[in-house]
Amino acid sequence: MVPTMSGENTVREIGHDEFDPKGTLVLILVYFGVLSVMWVFMYFVEFLGNDLTVLV
Amino acid sequence: MRRTTQGGILVGCGVLFVIVWEIRSALGLLAGVDTNPQLYMLLTLAVVGLTAVALAIGLIGLRPEPPADEDAQ
Amino acid sequence: MNIHNYEKIWLVLSMLLIIGFISTVVYGATAVGIEMVNDEGGTIDSTALDEDDRFSEPRVEKVGEDEYEAYVVARQFIFEPNPIEVPANSTVTFYVTSPDVLHGFEVVGTNANAMVVPGEITELTVEVNEPKEYGILCNEYCGGGHHTMEGKLIVVPEDEFELGDSNDE
Amino acid sequence: MSEQLESGAPTFLDKFPDEAAVVRAALWSSFIALALGAVFGLIQALHRTDVLRLIDSTDYYTVLTAHGVLMVVSFTIFFLVGLFTWATVRSFDRGVESIRYTWTWYGLMVAGTLMAVVAILGGFVPQTDISADVLFTFYAPMQAHPLFYGGLAIFVIGTWLAGADYIWTWRAWAAENPDERIPLQGFMVLTTMLMWYVATIGIAIAVVAFLLPWSLGLFDQINPLLTRTLFWFWGHPVVYFWLMPAYLLWYTVLPTIAGGRLFSDPLGRVVFVLFLLLSTPVGIHHQYVDPGIAEGFKTIAMTNTMFLLLPSLLTAFTVVASVEHGARQRGGTGLLGWLRALPWRNPAFTGMMLAGLMFAAGGFSGMINAGMNINYLVHNTIWVPGHFHLTVGTAVALTLMAATYWLWPQLTNRRLYSRPIGLAQVVIWFVGMGLMSNAMHVQGLFGIPRRTAEPQYEGFDFVASFGSVSELNLQLAIGGTLLFISTMLFVTNIALSAGTPKLSGIGQPLSEPLSTVDDSPEILDNLKLWFGIALVLVVLAYALPLASIIDRGGLLGPGVDPVPMIVEPVAATIEPTLGRLAAAVGSVVP
């Protein structure tokens with residue numbers, strides 16, 4: 001098997017040790033932030049702030 | 001700057017449309033801001049349309065993918 | 001096994017996220033006191049609701065100071081009693097069951113939302129506050145007339161509340 | 001368009017013509033189901049929003065049943081068996097052991113589907129008593145025609161035999177290559193099928209032991225909570241069964257199309273093992289607000305569900321990192337500037353990326369659904385269909401369609417009819433789903449229910465905290481229409497591809513992972529061990545709840561009569577007496 005699909009598109013070969021997915025890390029940290037904020041909003045504002053609290 | 005390809009404009013503007021339109025729901029739910037739907041839609045279409053035109057004439061630019069890939073699949 | 005450092009960071013954050021979610025739910029269950037519908041409502045012979053003291057005559061009953069019980073039958077395609085009337089600033093326990101198929105019991109726009117299963121009694125306790133009218137709808141498909149199945153929960157001022165008002169027959 | 005890039009490598013069709021024929025047949029079955037399902041979906045979107053009502057509201061539920069079954073049983077699973085046959089044969093690099101056997105399970109799946117579809121569509125023909133207006137979840141004591149349950153059973157048996165086919169190929173390969181690690185695609189196929197064997201225990205018992213004999217009149221009472229619980233025993237892992245083909249494509253095809261290599265093979269294996277272990281002992285989270293199940297069991301299901309987020313979160317990282325690797329190999333630079341260097345004009349790539357983006361959003365609403373008490377807020381509201389149209393309806397469906405743009409030439413030696421149409425198709429899907437699922441989520445928060453023909457009531461109105469319900473309805477209808485157009489573009493594009501000239505040497509080998517399997521522990525490949533642990537976890541999660549349900553309501557619950565879903569428009573008026581009359585008549589005619 002060839003390492004990449006089409007050599008023409010590959011400007012440079014990047015091996016395992018020289019690749020740090022820092023862009024991925026940034027994107028995933030942004031996602032983490034969105035998830036956390038949205039969760040807090042949904043749970044504490046939309047749900048706990050809603051009418052007719054179900055109790056024991 | 002090189003012009004963005006038609007395909008790139010289509011993909012970019014599709015994503016931009018969804019993002020701008022979803023902000024209306026976010027404003028409504030999170031901030032309680034009730035924007036006028038017709039006006040907001042017009043605004044969204046204007047933003048997306050202007051971006052599309054700007055990309056098409058090269059006013060703003062994204063470097064397209066290397067041409068060698070155009071028909072690879 | 002060789003895991004990239006960034007991926008290790010993400011693994012830790014993912015676990016934090018998961019633990020955070022579980023902690024929030026536990027906080028809601030303990031500190032706020034939100035209980036899930038559970039197995040304490042008991043079972044019932046769904047072909048013989050007529051013989052059951054509570055459901056032969058669906059109604060609201062007073063069981064204590066500011067405490068009420070509502071016996072509700074959800075059937076194709078109505079809720080009984082309708083409307084359900086309760087006084088403001090009270091604690092209401094709904095007991096809901098079905099003689100035919102599965103139904104949903106949703107007080108519209110609120111957290112009072114549960115399944116109704118034939119043979120089982122759904123027990124759901126809520127606190128009602130100021131006078132207000134709520135819609136009730138069935139949110140589980142129950143047959144061709146499902147979309148017509150609705151009811152009302154009317155929270156009336158305490159001084160206007162009378163037992164027996166809730167019965168529509 | 002310029003000429004096809006020809007690598008000179010043989011395609012799958014060149015190497016395995018017999019197997020390619022099966023894969024094409026399975027994929028076509030899948031696309032036919034998709035097209036039919038899209039027609040029903042459009043009718044629903046326009047009907048429930050009161051934009052255009054072509055049918056009687058009673059028939060809405062026939063349409064809804066057909067949409068659900070065709071989309072999430074036929075479309076997804078036919079694609080899965082086609083893709084898995086391709087992946088198994090490709091990755092073990094050997095043909096199936098018996099092509100007749102392979103056609104046999106495919107035939108069984110087709111037969112099962114036809115039976116179920118006949119039973120469902122019978123609902124439109126009042127002259128027959130064949131009907132199955134019971135929706136995809138077929139909760140007893142609503143009763144469908146035996147043909148419906150029989151069809152489901154035969155379909156599932158077909159999938160079991162398909163799984164055995166993949167295992168057979170693996171064993172034959174392993175006998176000749178005793179010291180080799182299982183190739184990644186083969187590993188993904190095998191773990192997914194083992195998960196399916198665990199999951200289908202629930203549906204097999206529910207259908208074969210209870211619903212089918214009950215619909216044939218062998219006994220006339222049933223424990224609705226038991227069959228409902230057995231349904232969700234299968235009903236949650238089945239969502240991962242839909243998702244795993246998309247994951248397989250994201251892990252093994254997407255990096256290649258992006259011009260890169262998979263970031264980590266071992267982590268891919270860990271993810272699939274986690275799905276095998278955790279997919280099934282979570283089904284009770286669909287029953288958070290059910291009576292008859294103790295809160296403790298619900299809490300266990302929630303904890304398992306939350307940990308099931310882990311493999312998906314890990315996948316998000318690994319897949320994006322693989323794509324980033326591709327972008328950097330293509331000359332991309334900067335912290336985020338590499339995003340521009342990706343092949344966005346390739347519909348296969350863009351479709352899968354947009355699917356992944358929507359899955360990120362769907363993942364969030366799924367986290368809400370998984371939260372035990374917050375479920376009161378969203379249970380059975382249209383928020384839930386909003387969620388799963390992002391997951392199965394986009395993460396899966398759009399990935400499968402996008403991947404077809406890449407896979408189809410490998411199976412036919414023909415180029416795609418039109419790449420620009422393909423690109424437009426995936427973008428239209430993204431925009432349509434953005435509108436529709438956004439409207440559904442917001443409506444759900446206002447308490448608007450799912451699964452209803454007319455969400456408009458006499459005694460009350462829904463209160464919108466911003467905008468208006470009618471505006472959201474319009475948004476939903478426009479979104480649904482775009483999705484329909486997108487589906488038609490897809491199916492037409494594939495159909496027209498049959499007319500493009502035959503080419504040779506257009507094979508596209510997949511790239512090797514950056515971090516290979518060699519540096520991972522061998523125990524990862526011990527499928528017997530993982531299968532055993534999965535079974536133990538299921539027993540731990542389900543033994544007590546099921547025992548308690550049977551203890552409460554009996555195996556054949558006393559006091560619950562069948563309610564056949566032979567509803568003609570007349571019988572479905574608001575008069576409850578008529579409903580009961582229909583039930584009484586129906587119970588005489590089993």
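Residue numbers (the working numbering), protein chains in the order written: chain A, 1 to 56; chain B, 1 to 73; chain C, 1 to 169; chain D, 1 to 590. Quick reminder that beta carbons are idealized off the backbone N, C-alpha and C, glycines included.
Strictly under 8 Å for the Cβ-Cβ distance: is residue i near chain A by that measure?
i: C:Ala-48; result: no
i: D:Tyr-405; result: no
i: C:Tyr-6; result: yes
Exposed or buried, which one is residue i when buried takes at least 16 other CB atoms within 10 Å?
i: C:Lys-152; result: buried
i: D:Glu-630; result: Here chain D comprises residues numbered 1 to 590, so residue 630 of chain D is not present and cannot be evaluated.
i: D:Leu-34; result: buried
i: D:Met-115; result: buried
i: C:Ser-14; result: buried
i: D:Ser-98; result: exposed
i: C:Asn-2; result: exposed
i: D:Gln-443; result: buried
i: D:Phe-317; result: buried
i: D:Phe-92; result: buried
i: C:Asn-139; result: buried
Give a yes or no on whether the minimum CB-CB distance between residue i and chain D is below 8 Å.
i: B:Leu-59; result: no
i: A:Leu-27; result: yes
i: C:His-103; result: no
i: C:Thr-30; result: no
i: B:Val-18; result: yes
i: B:Val-15; result: yes
i: C:Phe-161; result: no
i: C:Tyr-141; result: yes
i: B:Gly-28; result: yes
Beta-carbon of residue i versus every beta-carbon of chain B: anything under 8 Å?
i: D:Val-323; result: no
i: D:Trp-250; result: no
i: D:Glu-471; result: yes
i: D:Arg-261; result: no
i: D:Arg-594; result: Residue 594 of chain D is absent from the model: chain D starts at 1 and stops at 590.
i: D:Leu-423; result: yes
Using three-state DSSP, classify residue i as helix, strand or coil.
i: C:Ser-98; result: coil
i: B:Ile-60; result: coil
i: C:Thr-93; result: strand
i: C:Ile-19; result: helix
i: C:Ile-78; result: strand
i: D:Thr-185; result: Residue 185 of chain D is actually Gln in this sequence, not Thr. Of the three classes helix, strand and coil, the one that applies to D:Gln-185 here is helix, per DSSP.
i: D:Gln-127; result: coil
i: B:Gly-32; result: coil
i: C:Tyr-134; result: strand
i: C:Leu-124; result: strand
i: D:Ile-55; result: coil
May I ask you to list the residues that DSSP assigns as paired with residue i?
i: C:Pro-87; result: C:Val-156
i: D:Phe-263; result: DSSP, once it has assigned bridges, lists no residue as partnering D:Phe-263.
i: D:Phe-241; result: The partner list for D:Phe-241 (beta bridge, DSSP) is empty, contrary to what the question assumes.
i: D:Phe-233; result: BP columns for D:Phe-233 are empty, so no partner.
i: D:Ala-9; result: D:Gly-507
i: C:Glu-69; result: C:Glu-61, C:Thr-93
i: C:Ala-114; result: C:Phe-105
i: D:Asp-591; result: Limits of chain D in this structure are 1 at one end and 590 at the other, which puts residue 591 of chain D out of reach.
Please decide whether residue i counts as near chain C, where near means a Cβ-Cβ distance under 8 Å.
i: D:Phe-460; result: yes
i: A:Phe-41; result: no
Do we get a CB-CB distance below 8 Å when we pair residue i with the residues of chain G?
i: D:Ala-360; result: Among the chains of the structure shown, chain G does not appear; the protein chains present are A, B, C and D.
With three or more beta-carbon pairs closer than 8 Å as the criterion, would you say the segment 78-93 of chain C touches the segment 120-140 of chain C?
The way I'd put it, the segment 78-93 of chain C does touch the segment 120-140 of chain C; three or more beta-carbon pairs between them come closer than 8 Å.
Contact between the segment 38-57 of chain C and the segment 107-121 of chain C: three or more CB pairs below 8 Å?
Touching, per the Cβ criterion.
Are the segment 502-519 of chain D and the segment 250-262 of chain D touching by the rule of at least three beta carbon pairs closer than 8 Å?
A contact exists between the segment 502-519 of chain D and the segment 250-262 of chain D.
Report yes or no: do the segment 201-218 of chain D and the segment 310-328 of chain D share at least 3 C-beta pairs separated by less than 8 Å?
No: fewer than three Cβ pairs fall under 8 Å.
Could you say if the segment 470-487 of chain D and the segment 8-28 of chain D meet the contact criterion of at least three C-beta pairs nearer than 8 Å?
In short, these stretches do not touch, since the Cβ pair count stays below three.
Given 8 Å, three or more beta-carbon pairs between the segment 408-415 of chain D and the segment 493-504 of chain D:
A contact exists between the segment 408-415 of chain D and the segment 493-504 of chain D.
Should the segment 395-406 of chain D be called in touch with the segment 246-257 of chain D, which here means at least 3 C-beta pairs below 8 Å?
With contact defined as three or more Cβ pairs closer than 8 Å, the segment 395-406 of chain D and the segment 246-257 of chain D are in contact.
Can you confirm whether the segment 377-390 of chain D touches the segment 418-438 of chain D when touching is taken to mean that 3 or more C-beta pairs between the two stretches lie within less than 8 Å?
Judged by pairs of C-beta atoms under 8 Å, the segment 418-438 of chain D touches the segment 377-390 of chain D, as three or more such pairs exist.
Would you call the segment 6-13 of chain B in contact with the segment 133-148 of chain C, where contact means no fewer than 3 C-beta pairs closer than 8 Å?
In short, these stretches do not touch, since the Cβ pair count stays below three.
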